[in-house]
Each structure stands twice: as structure tokens, then as C-alpha cells.
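**Q** Counting from 3, one number per residue, gives the positions in the sequence shown under my numbering. Think of the CB as a built atom: it goes at the ideal place given N, C-alpha and C, for glycine as much as any other residue. Only a predicted model underlies this, so the values are computations on that prediction, with no experimental measurement involved.
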Amino acid sequence: MDRRLPSTGVSAGDPTRHRHGGRDAASAGPVGPARAGTPSVGPVPDPDRVTEALRDLIETVRTADLSTVDPAELAEIEGVLTGLTRRLAPHTVAALRTQAALVPSQRRWSPDDIEIGSFFPYSPVSGTRNPVAPPLRLWREGDRVRGEVTVRSTYNGPPDGVHGGYVAALLDELLGATCVALGKGGFTGTLTVRYHSLTPLETPLALEGWIAGEERRKVFARGELRAGERLCAAAEGIFIRSDFDAGWT
Numbered sequence: 003m004d005r006r007l008p009s010t011g012v013s014a015g016d017p018t019r020h021r022h023g024g025r026d027a028a029s030a031g032p033v034g035p036a037r038a039g040t041p042s043v044g045p046v047p048d049p050d051r052v053t054e055a056l057r058d059l060i061e062t063v064r065t066a067d068l069s070t071v072d073p074a075e076l077a078e079i080e081g082v083l084t085g086l087t088r089r090l091a092p093h094t095v096a097a098l099r100t101q102a103a104l105v106p107s108q109r110r111w112s113p114d115d116i117e118i119g120s121f122f123p124y125s126p127v128s129g130t131r132n133p134v135a136p137p138l139r140l141w142r143e144g145d146r147v148r149g150e151v152t153v154r155s156t157y158n159g160p161p162d163g164v165h166g167g168y169v170a171a172l173l174d175e176l177l178g179a180t181c182v183a184l185g186k187g188g189f190t191g192t193l194t195v196r197y198h199s200l201t202p203l204e205t206p207l208a209l210e211g212w213i214a215g216e217e218r219r220k221v222f223a224r225g226e227l228r229a230g231e232r233l234c235a236a237a238e239g240i241f242i243r244s245d246f247d248a249g250w251t
């Protein structure tokens with residue numbers, strides 16, 4: 003099979019078959035109105051599709067045996083990737099690095115929002131604009147926060163399992179988002195994770211977080227991560243409340 007770049011086909015092993023939370027560019031359709039009098043030329047460019055394509059590339063590189071690729075083709079692929087980096091480099095933003103926005107003053111989110119994903123678009127766990135995020139989707143239901151995610155081989159730990167450190171990251175994100183969504187946001191003070199069973203790769207995972215109590219500036223949060231009915235891991239965290247608008251980024 004010819005795998006030279008660029009490729010327009012989708013093979014049986016194409017990682018786009020396993021996209022989680024993203025849209026297939028071939029079926030997504032326009033995401034915005036076309037200008038009046040301008041002929042339609044396909045979907046309006048969507049930065050989220052760019053990051054999703056990068057996730058697919060990362061997964062492919064992780065699972066491909068690069069030693070079997072013809073050296074000339076591998077050099078060509080490297081050149082393509084280097085060229086893309088150079089094209090995007092002029093658009094990088096020089097600012098304090100935050101998960102909430104490229105520029106801190108552009109942070110937009112309200113605890114009234116049901117969907118929490120817009121709070122940290124550059125999070126390495128839930129950020130739709132971060133190509134290393136699965137990403138974890140989070141939303142509020144009453145006094146609880148729920149989430150869903152499918153983790154690919156990028157975060158493999160034990161055979162066919164998610165790395166324990168990344169399981170902890172998922173739960174930390176869940177508990178932190180729970181505090182924020184319920185108007186009690188702060189910084190992680192302590193995080194205790196108990197691993198009950200293997201957290202499987204390539205399997206829909208469900209998360210649930212809630213606040214268990216408060217003590218002055220301390221907020222006690224708990225959460226669980228499950229694969230179907232099976233409990234994979236549970237966490238307890240103490241979060242220290244902060245005045246976000248007074249300088250938190």
C-alpha cells in the first residue's frame with residue numbers, strides 16, 4: 003500500500019476511525035455561513051479539526067514501526083512535518099502560558115455554562131485546542147460534574163491499559179473542574195488516587211465528580227472513573243480556593 007504523503011484515502015488502520023469528540027472532515031460539513039456571492043469551496047476552516055488531525059498523527063507515530071518505512075520516505079515525512087511547523091511558527095503567541103487562553107485577558111467562561119470544556123481549551127487533559135489532550139469532555143449536571151473520554155495508545159501504561167499517571171491527571175482535571183463549575187475553584191493542594199482495576203485503552207470511560215465538604219479556603223472534592231459498571235479508580239482532593247479575578251491565570 004502506498005503511504006506516501008499526502009494521502010487522500012482512509013485505510014482500515016487509519017486512526018481517524020477512532021476519533022473521540024472530534025469531527026470527520028469528510029462529513030463535518032460547513033461550520034459557519036459562507037460569504038454572500040462566494041461559491042462554496044467546502045467546510046470553513048476549524049482549528050479544532052487541526053488539533054484532531056494532530057492527535058491522529060501522534061497516535062499513528064506511537065503505533066507505527068518506523069524502522070520499516072523506506073528511509074527516503076521517512077526523510078520526506080520529516081521534511082513535511084518540519085515545513086508545517088515553520089508555516090505555523092509565525093502565528094505563535096508570546097504571552098504568559100495558561101490553559102484558559104493564549105492571552106490571559108481573553109479568558110471567557112461562566113459557572114452558568116453547562117459545558118465546561120470552554121474553560122480550559124488549552125488543557126493537556128480536556129483542551130480541544132491542545133493536540134496532546136484526548137480530550138476529556140466535562141459537563142455539569144446539578145451539583146455534580148460528569149465526564150467522558152476514550153484514551154488512545156499515546157497514554158499507554160500497562161498492557162492495553164492507561165498509564166497510572168494519566169489516570170491521576172484525568173481525575174485531577176475532573177475534581178478541579180467540579181470545584182470551578184460549582185463556584186469554588188482553586189488550586190490542587192493534595193490528590194489521593196486509589197486504583198481499583200485496570201483503566202482500559204480505546205474504551206469509553208465515564209467520570210463523576212462532586213464536592214464532599216468545605217473548611218475555610220479548603221474544598222474537599224471526590225470523583226470516580228469507570229469503564230462501564232466497573233470502577234477503575236477513585237480520587238479525593240483538597241483544593242485551595244483562590245480569587246481568580248485577582249490574578250489567577
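(1) Identify whether E143 lies in helix, strand or coil by the three-state DSSP scheme.
(2) Roughly how many angstroms separate the alpha carbons of P161 and L200, rounded to a whole number?
(3) Thinking just about the alpha-carbon of each residue, which of F189, T152, V52, L68 is nearest to the one in L203?
(4) Is the segment 79 to 87 in contact with the segment 170 to 182, if contact means three or more CB pairs nearer than 8 Å?
(5) Would you say A135 and V195 are within 7 Å of each other, going by their C-beta atoms?
(6) Of the choices R51, A55, R64, E54, whose alpha-carbon is the least far from that of S155?
(7) Is it buried or exposed, V127, if we count other Cβ atoms within 10 angstroms and call 16 or more buried?
(8) Using a Cβ-Cβ cutoff of less than 7 Å, which residues in the same chain neighbour G2 once the five nearest sequence positions on both sides are dropped?
(9) Just how far apart, CA to CA, sit L233 and I242?
(10) Using the three-state DSSP reduction, which class does G225 fall into: helix, strand or coil?
(11) So, helix, strand or coil for R88, using DSSP?
(12) Whose C-beta lies closer than 8 Å to the C-beta of A214 among residues of the same chain, with five residues either side of it excluded?
(13) Residues in the same chain with beta-carbon distance under 6 Å from P206, minus the five sequence neighbours each way, listed in chain order, please.
(14) Let's see if you can read the secondary structure: which residues bound the beta strand (DSSP E) around A183?
(15) Which residues in the same chain as G166 place their Cβ atom closer than 7 Å to its Cβ, once the five residues preceding and following it in sequence are excluded?
(16) What are the start and end residues of the alpha helix (DSSP H) that includes I118?
(17) Give every residue of the same chain whose Cβ lies closer than 7 Å to the Cβ of A171, excluding the five residues on either side of it in the sequence, and list them in chain order.
(18) What is the rounded straight-line gap between the Cα of G185 and the Cα of A179?
(19) Using 7 Å as the threshold, is the C-beta distance between G144 and L209 below it?
(20) Taking C-beta to C-beta, are T192 and I118 nearer than 7 Å?
(21) So, R142 versus A183, is the Cβ gap smaller than 7 Å?
(22) At the level of alpha carbons, what is the spacing between V52 and E217?
(23) Under the DSSP definition of a beta bridge, which residues are partnered with I240?
(24) Report the rounded CA-to-CA distance for V147 versus G188, giving the unit in angstroms.
(25) Cα separation between A229 and A74?
**A** Well, looking at it:
(1) Your numbering for residue 143 matches position 141 in the sequence shown. The answer is strand: DSSP assigns E143 an E or B state.
(2) Here residue 161 refers to the residue found at position 159 of the sequence shown. Here residue 200 refers to the residue found at position 198 of the sequence shown. Taking the straight line from one Cα to the other gives about 9 Å.
(3) Counting from one through the sequence shown, the residue named residue 203 turns up at place 201. Minimum Cα distance to L203 is reached at T152.
(4) no
(5) Residue 135 sits at position 133 when you count from the first residue of the sequence shown. Residue 195 sits at position 193 when you count from the first residue of the sequence shown. Going by C-beta atoms, A135 is not nearer than 7 Å to V195.
(6) Stepping through the sequence shown from its first residue, residue 155 is reached at position 153. Residue R64 is the option with its Cα nearest to S155.
(7) In the sequence shown, residue 127 corresponds to position 125, counting from 1. Classification of V127: buried, given that the 10 Å Cβ count is 16 or more.
(8) Past the boundaries of the shown model lies residue 2; the chain is included only from 3 to 251, so the question cannot be answered.
(9) One-based indexing of the sequence shown puts residue 233 at position 231. One-based indexing of the sequence shown puts residue 242 at position 240. Approximately 27 Å, taken between the alpha carbons.
(10) On the sequence shown, residue 225 is found 223 positions in, with the first residue counted as 1. Strand at G225.
(11) Taking the sequence shown and counting its residues from 1, one reaches residue 88 at position 86. Reduced to three states, the DSSP call for R88 is helix.
(12) For this step, residue 214 is matched to residue 212 along the sequence shown. So the list reads F222, A223, R224, E238, once near-sequence residues are dropped.
(13) For this step, residue 206 is matched to residue 204 along the sequence shown. Contacts found: T152.
(14) Walking along the sequence shown from the start, residue 183 turns up at place 181. Careful: A183 lies outside any beta strand (DSSP E), inside the alpha helix (DSSP H) at 166 to 183.
(15) Locating residue 166 in the sequence shown gives position 164, counting from the first residue. Same-chain partners within the cutoff: G159, Y197.
(16) Within the sequence shown, residue 118 is the residue found at index 116, counting from 1. Neither: I118 is in no alpha helix (DSSP H) and is coded neither H nor E.
(17) Taking the sequence shown and counting its residues from 1, the one referred to as residue 171 is at position 169. Closer than 7 Å at Cβ, skipping near neighbours: V127.
(18) Here the question's residue 185 lines up with position 183 in the sequence shown. Here the question's residue 179 lines up with position 177 in the sequence shown. Their backbone Cα atoms lie some 10 Å apart in a straight line.
(19) Locating residue 144 in the sequence shown gives position 142, counting from the first residue. Locating residue 209 in the sequence shown gives position 207, counting from the first residue. Result no, Cβ atoms of G144 and L209 do not sit closer than 7 Å.
(20) For the purposes of this step, residue 192 is identified with residue 190 of the sequence shown, where counting begins at 1. For the purposes of this step, residue 118 is identified with residue 116 of the sequence shown, where counting begins at 1. No, they are not a contact pair.
(21) What you label residue 142 is simply residue 140 of the sequence shown in a count that begins at 1. What you label residue 183 is simply residue 181 of the sequence shown in a count that begins at 1. Against a cut-off of 7 Å, the Cβ pair of A183 and R142 comes out as a contact.
(22) Looking up residue 52 in the sequence shown gives position 50. Looking up residue 217 in the sequence shown gives position 215. Each residue's Cα considered, the two are about 43 Å apart.
(23) Counted from its first residue, the sequence shown places residue 240 at position 238. Answer is T192, F222, bridged to I240.
(24) Numbered from its first residue, the sequence shown carries residue 147 at position 145. Numbered from its first residue, the sequence shown carries residue 188 at position 186. For V147 and G188, the distance between alpha carbons rounds to 16 Å.
(25) Here residue 229 refers to the residue found at position 227 when the sequence shown is read from its first residue. Here residue 74 refers to the residue found at position 72 when the sequence shown is read from its first residue. C-alpha separation (whole angstroms): 43 Å.
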